[in-house]
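Report on one structure; see the data block that follows.
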Amino acid sequence: MRWRQKPMTEAECYARCYGGPRRIEAVRPASDRPRLVATLSGEQIRRLFERRLDSREREAA
68 MRWRQKPMTE AECYARCYGG PRRIEAVRPA SDRPRLVATL SGEQIRRLFE
118 RRLDSREREA A
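In this text, residue positions in the sequence shown follow our numbering: the first is 68, and each later residue adds one.
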């Protein structure tokens, strides 16, 4: 570990911890790609998941 020659000032500590002023810019993504539409309901997904779990239990036994 290196030691500093002089103590840091409060401003230096703040800049080191939080960085300098930042510019935040919110950008909306381009909608050139259509969103995926779910073809299965939540209940169908749950049933398929339970089947996979049951088959794993049979393989382990």
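Beta carbons are placed, not taken as given, at the ideal position from N, Cα and C, and that holds for glycine.
Computed from a predicted structure; not experimentally measured.
When DSSP states are grouped into helix, strand and coil, D121 belongs to the helix group. In the three-state DSSP reduction, I112 falls in the helix class (H, G or I). In the DSSP assignment, A82 falls within the alpha helix (DSSP H) that extends over 77–85.
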